[in-house]
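Those sequence lines, one after another, are chains A and B.
Letter 181 of the first sequence, counting from 1, is numbered 181 in the working numbering, and no numbers are missing.
Positions in the second sequence are counted from 1; adding 1000 to them yields the working numbering.
Every residue, glycine too, gets a C-beta built ideally from N, C-alpha and C.
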Amino acid sequence: MAKIGTTRLDSGWLAARSTEVSHSGTQLTTTHPPSGPTSPWLNAVVPGTANGGLIDSVLATLVENKVVPDPFYGLQNEMIIDIADSGREYYTFWFFTTFQRNQHLDLNFRGINYSAEVYLNGHKKVVPKGMFRRHSLDVTDILHPDGQNLLAVLVHPPDHPGSIPPEGGQGGDHEIGKDVATQYVQGWDWMAPIRDRNTGIWDEVSVSITGPVKIIDPHLVSSFFDDYKRVYLHATTELENRSSWVAECSLNIQVTTGVEGNICLV
Amino acid sequence: EHLQTQHVSIPAGSQLQYTFPECNSVNHQICFQSTCPKLGYAIQSWMYWLVGRGVLLEGVRVSSGMQFHYVLCGLFGRNVIRERLRDWRGDNGMNLQLFFYKPDLWWPNGMGKQSLYNVHITIDVKGYGESDAWSNLFGFRKIESHIDSATGGRLFKVNGQPIFIRGGNWILSDGLLRLSKKRYETDIKFHADMNFNMIRCWGGGLAERPEFYHYCDIYGLLVWQEFWITGDVDGRGVPVSNPNGPLDHDLFLLCARDTVKLLRNHPSLALWVGGNEQVPPDDINEALKVDLRLHPYFENSNEISKSSEDLS
């Protein structure tokens, strides 16, 4: 039985432009998985690599694979087509990977810009809009018993990517403000516009294995009395029982001081 | 160290919110203090003094606190004590907590150490074993701020000490969101080395990531975090656009609430701000103020600590 805990999915990601992939998400995660970084598939920049980066925007993957020049040098940003001119499909991308697991398992996305469809072993789950929200999908029922799971994520750009007037300006034509997304991507006085508006899986992807009961978002608050001599730590957490029976639980909280230097706790 | 275990029964297929109960000594201490505050506080202080000089063991102080409680019950009758305790608790159920005596406090850069504790929460299910675990670094600190009527500026206090804010603007780590721990650590340590004690995350950038806040916790950089509203794009730009902010206000609030849950345990998080050079639309602003207000319990507790300060 695999140990409970969270594992980052940080290797073997591939990416491809959706208009260049003929298969559906169901086919990609059942009968026609991509075999490797062969056209139109590229190696996607992944979390946990040498630079410790997270999975990036579409454009970062294209830059990494030298499909487009690095926009941060010279006027190279002008050589990359803007989403306003290319249309949203041009920057709508598939991300694909595989992972081994067969437990009570959640697939967690800490940030997707801007919406997505997730396919796992042929099953589809929709990830709703919003750049600044986490998504945790209980995929226990659709894992492969042999543990080899195929995951494909189709990521769509913001709904209102806007366009960049010739004079540039703060936030281009401001259309991005209609969405709940970062606004600098339409360019500012200190920044050229980001051509794909940072579409992509822009933060950590992980799988977490739990037993029947899951701890969700604990909240720690401290209150102080007697000139900070008497201090209380208030801990509140959400608990979810995903089994079909009443769970009798022992909930433990332990607070230890961080050890310094070469002292270690045994 | 502090370890507590509670039994919880969770119905099938359900989700509940649970708060850890207090350790008894707090119960008795508070009831004692609430019953006869002046006497209670004087005795408390005397005991802390004895503990501080190693004359009295903390455990003895705690148990004697419980003895006092029984004496009080004898003197005033259990119902009175229970009534006072219930008054003190209030009906918000938030009066449950773990007790620490003179913990190492977390201080911003330049004011002291950034002491952090490991908080580890696990849940074991009967017949299964350990079902889930969560851990987080936590710093004991109290951050207050208010608008100074004389200057119109915002004044900050940390652990009761006024602090002169020396801060810098932060847009984000990389324009293409190639975010990495190594770069976060380098950039944030740089700010600490520049003798800054606050970083302001601009509303046109990101709600910064847990890795960003982790290094701010480590290096003592307070964080002013703005939500995703800017004057230029939301109603004050040229041309004027989006005067009512984003199209989907519910989505904005859902993202804001999830972001607060993601970041709220970091000691460096000092201030949430509606946006850059712009107030969010009224409905969003009001909802954020309600969601982010100090829980009523802490309002009450400030009263108690105030009364104890008055006493001292």
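- Assigned with DSSP and collapsed to three states, residue 72 of chain A falls in coil, not helix or strand.
- Close partners of residue 130 of chain A in chain B (Cβ separation under 9 angstroms): 1248, 1251, 1252, 1254, 1255 and 1258.
- Secondary structure at residue 1157 of chain B: strand, using DSSP grouped into helix, strand and coil.
- Contact annotation: residue 1279 of chain B and residue 1229 of chain B have beta-carbon atoms nearer than 9 angstroms.
- Residues of chain B with a Cβ closer than 7 angstroms to the Cβ of residue 214 of chain A are, in chain order, 1132.
- Bounds of the alpha helix (DSSP H) holding residue 1210 of chain B are 1210 to 1219.
- Within 8 angstroms of the CB of residue 44 of chain A, no CB atom of chain B is found; the nearest one sits about 12 angstroms away.
- In the DSSP assignment, residue 125 of chain A falls within the unbroken beta strand (DSSP E) covering 123 to 127.
- Residue ranges of uninterrupted beta strand (DSSP E) with 3 or more members, entirely inside the region 75 to 160 of chain A and ordered along the chain, are 93 to 100, 105 to 109, 115 to 120, 123 to 127, 135 to 138 and 148 to 156.
- For residue 1259 of chain B, the enclosing alpha helix (DSSP H) starts and ends at 1249 to 1263.
- Spatial neighbours of residue 115 of chain A in its own chain (CB-CB distance under 7 angstroms, excluding positions within 5 residues in sequence) are listed in chain order as 127, 128, 129 and 156.
- Residues of chain A with a Cβ closer than 9 angstroms to the Cβ of residue 1120 of chain B are, in chain order, 252, 253, 254, 255 and 256.
- Secondary structure note for residue 1183 of chain B: its alpha helix (DSSP H) is the uninterrupted segment 1181 to 1193.
- The alpha-carbon of residue 143 of chain A is positioned some 19 angstroms away from that of residue 213 of chain A.
- Chain-ordered, the chain B residues with CB closer than 8 angstroms to the CB of residue 59 of chain A read 1176.
- In summary, the residues of the region 220 to 233 of chain A whose CB is separated from some CB of chain B by less than 8 angstroms are 220, 221, 222, 223, 224, 225, 226, 227, 228, 229, 230, 231, 232 and 233, in the order they occur in the chain.
- Judged by beta-carbon spacing, residue 184 of chain A lies within the 9 angstroms limit of residue 1171 of chain B, meaning their Cβ atoms are closer than that value.
- With respect to the 9 angstroms criterion, residue 16 of chain A and residue 42 of chain A are classified as neighbours on the basis of their beta carbons.
- By the neighbour-count criterion, in which 16 or more other beta carbons inside 10 Å mark a residue as buried, residue 226 of chain A falls on the buried side.
- Taking each of A:20, A:89, A:28 and A:160 in turn and checking the Cα distance to residue 40 of chain A, the smallest one comes out for A:20.
- Scanning its chain for C-beta atoms nearer than 7 angstroms, with the 5 sequence neighbours on each side dropped, one finds around residue 37 of chain A the residues 14 and 43, in chain order.
- According to the DSSP assignment, residue 64 of chain A belongs to the alpha helix (DSSP H) that extends over 58 to 64.
- Between the region 59 to 75 of chain A and the region 166 to 175 of chain A, the count of Cβ pairs shorter than 8 angstroms is below three; the stretches do not touch.
- Following the DSSP letters along the chain, one finds residue 235 of chain A inside the beta strand (DSSP E) bounded by residues 230 to 241.
- The beta carbon of residue 1189 of chain B sits no closer than 9 angstroms to any beta carbon of chain A.
- The CB of residue 242 of chain A comes closer than 8 angstroms to the CB of 1013 in chain B, given here in chain order.
- Taking CB atoms only, residue 169 of chain A has a neighbour in chain B less than 9 angstroms away.
- Three or more pairs of CB atoms, one per stretch, sit closer than 8 angstroms, so the region 1127 to 1143 of chain B contacts the region 204 to 212 of chain A.
- Its Cα nearest to that of residue 1250 of chain B, the residue B:1281 stands out among B:1134, B:1177, B:1263 and B:1281.
- When Cβ-Cβ separations below 9 angstroms define contact, residue 74 of chain A makes no contact with chain B.
- Residues of chain A whose Cβ lies closer than 8 angstroms to the Cβ of residue 1009 of chain B are, in chain order, 246, 247, 248 and 249.
- Using a Cβ-Cβ cut-off of 9 angstroms, residue 112 of chain A is close to nothing in chain B; its nearest Cβ partner there is about 12 angstroms away.
- In this structure residue 1161 of chain B is exposed. Its beta-carbon is surrounded by fewer than 16 other beta-carbon atoms within 10 angstroms.
- Between residue 57 of chain A and the set B:1177, B:1270 and B:1123, the nearest pair of CA atoms involves B:1177.
- Nearest neighbour of residue 158 of chain A by Cα position, chosen from B:1210, B:1215, B:1248 and B:1108, turns out to be B:1248.
- Counting along the chain, the unbroken beta strand (DSSP E) around residue 213 of chain A starts and ends at 213 to 225.
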